[in-house]
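A.B. asks:
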Amino acid sequence: MSDTGFFEKVYQVTALIPYGRVTSYGAIANYLGASRSARMVGWALNNSNKAEVPAHRVVNRKGLLTGKHHFKGTNLMQQLLESEGVVVVDNQIQDFDKIFWDPGKEL
DNA sequence: ACAGTGACGGGTC
DNA sequence: AGACCCGCCACTG
Numbered sequence: 003m004s005d006t007g008f009f010e011k012v013y014q015v016t017a018l019i020p021y022g023r024v025t026s027y028g029a030i031a032n033y034l035g036a037s038r039s040a041r042m043v044g045w046a047l048n049n050s051n052k053a054e055v056p057a058h059r060v061v062n063r064k065g066l067l068t069g070k071h072h073f074k075g076t077n078l079m080q081q082l083l084e085s086e087g088v089v090v091v092d093n094q095i096q097d098f099d100k101i102f103w104d105p106g107k108e109l
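Using this note's numbering, the first residue of the first sequence is number 3, and each one after it goes up by one.
(1) Nearest to Glu86 by CA position, among Asn32, Ser26 and His58, is which residue?
(2) So what does DSSP say about Asp5, is it helix, strand or coil?
(3) For Ile30, report the span of its alpha helix (DSSP H) as first-last.
(4) Figure out for me which residue from Leu66, Val60, Gln96 and Asn77 has the closest Cα to the Cα of Pro105.
(5) When the Cα atoms are used, what is the spatial distance from Asp99 to Asn48?
(6) Are three or more beta carbon pairs between the segment 33 to 53 and the segment 7 to 19 nearer than 8 angstroms?
(7) Starting from Asp99, follow the alpha helix (DSSP H) in both directions and report where the run begins and ends.
(8) Indicate whether Thr25 and Val55 have their beta-carbon atoms separated by less than 8 angstroms.
(9) Identify every residue that forms a DSSP beta bridge with Gln94.
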């Protein structure tokens, strides 16, 4: 778990996202010190894709549910978010700046 | 080994 | 404001 610290941290931070909150890949990447490797964060989640990692709470900078295509169901990601009180319209999170959770700022 | 691609982000046109 | 390009690192063909 030393070499894979990157993936581990991604899982940790993602799992620490509070209920009804969301964050962006860039925020996590920045927290891990890989601000320019936001893609790796998404790739890490893709490798995880487990219940312990609420990837549905992680979206891109625009608050768009870009990763919904990788979920089981097309609308599963949106369903989960809406179940947590997050308003999602057209795959885009409303009040994204309100429910945005910054790991390096609030953690 | 090389090239293309991807759950992104920021800068530029 | 919208579209396009580059950089980043890893995986697949």
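Built from N, CA and C at the ideal position, the CB exists for glycine as well.
C.D. replies: Answer, in terms of the structure:
(1) Closest by alpha carbon: His58.
(2) Note that Asp5 scores a pLDDT of 49, beneath 50, so its modelled location is shaky; the value from the coordinates is reported in the next line. Collapsing the DSSP output to three states places Asp5 in coil.
(3) From DSSP, the alpha helix (DSSP H) with Ile30 extends over Tyr27 to Leu34.
(4) It is Val60.
(5) Each residue's alpha carbon lies about 25 angstroms from the other.
(6) Taking 8 angstroms as the limit for Cβ pairs, the verdict is that the segment 7 to 19 does touch the segment 33 to 53.
(7) Following the DSSP letters along the chain, one finds Asp99 inside the alpha helix (DSSP H) bounded by residues Phe98 to Ile101.
(8) Cβ distance not < 8 angstroms, so Thr25 and Val55 don't count as in contact.
(9) Looking at the DSSP assignment, Gln94 forms a beta bridge with Leu66 and Val91.
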